[in-house]
Amino acid sequence: MRRSLALTLCLLPLAGCGSDQDPPAAARAPDRGAQVYAMHCATCHQRDGRGLAGAQPSVAGSPTVLGPADELIRWVMFGERPPTLAAYRGVVVMPAFAWLSDEDLAGVLTHVRQSFGNDAPPVDPASVAAIRAVGKP
Ligand code: HEC
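Laid out in structure tokens, this is it:
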């Protein structure tokens, strides 16, 4: 939606769409989060966010995704298990994603909080940076 609007605006003369100009961060963030999800999460949680029964849980409607942002960040960054995450009996281990940048982590977590029918507030890079600064438990 945002992208098609941006493309439409770029067809107008004098709209300032020179190829050397980056779009504003706010316009770029949602797409980046979707890209990070497609690259690093969709293999397990699937493109539709619903996971695979018995192997990878759904991120759609997940209490961890919709719950406190700091707990969600610590889970995906360090694998620190939040109270919202039910006991798991599968065999797949979710990798930790501390190696993703603050922006990419915030983007992908905002993406999962606002896609697949989820509707929770965005995660901002400063919150990710603050948790990174405290470090792994
Ligand atoms: C190799 C497969 C794999 C990948 C890749 C993966 N996950 Fe997971 N994820 C899992 C598994 C397995 C669990 C359940 C682990 C557990 O409960 O111990 C899980 C659980 C979760 C949960 C909690 C879901 C719930 O039940 O409430 C969230 C949120 C989550 N993952 C987000 C992500 C995000 C975001 C990414 C990408 C940055 C990602 N995962 C990448 C396998 C994966």
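Quick note: the sequence shown uses the numbering used here, first residue 918, plus one each step.
Built from N, CA and C at the ideal position, the CB exists for glycine as well.
heavy atom of ligand 1 below 7 Å from residue i C-beta
| i | result |
| --- | --- |
| Val1009 | yes |
| Leu969 | no |
| Pro1039 | no |
| Gln973 | yes |
| Trp992 | yes |
| Val1045 | no |
| Val1027 | Before going further, note that residue 1027 is Thr rather than Val in the sequence given. Result no, Cβ not under 7 Å from ligand 1. |
| Pro980 | yes |
| Phe995 | no |
| Phe1033 | no |
| Val1051 | no |
Cβ separation of residue i and residue j, assumed to be a contact under 8 Å, to the nearest whole Å
| i | j | result |
| --- | --- | --- |
| Arg1049 | Asp1019 | 7 Å |
| Val953 | Leu1017 | 7 Å |
| Gly984 | Thr1001 | 5 Å |
| Val982 | Asn1035 | 6 Å |
| Gly968 | Phe1033 | So it is not a contact: roughly 10 Å between Cβ atoms. |
| Phe1040 | Ala1023 | Per the sequence presented here, residue 1040 reads as Val, with Phe not at that position. With a Cβ gap of about 5 Å, Val1040 and Ala1023 count as contacting. |
Closest by C-alpha distance to residue i, when choosing among the options
| i | options | result |
| --- | --- | --- |
| Val1009 | Arg967, Ala972, Gly950, Gly1034 | Ala972 |
| Thr1027 | Asp987, Leu1002, Ala970, Cys961 | Asp987 |
| Pro1054 | Gln1031, Ser979, Phe995, Pro1042 | Phe995 |
| Val1051 | Ala1015, Ala1037, Cys958, His957 | Ala1015 |
Endpoints, alpha helix (DSSP H) assigned at residue i
| i | result |
| --- | --- |
| Ala959 | 959-962 |
Ordered list of alpha helix (DSSP H) runs contained in the region 975-1049, each at least 4 residues = 980-983, 986-995, 1019-1030
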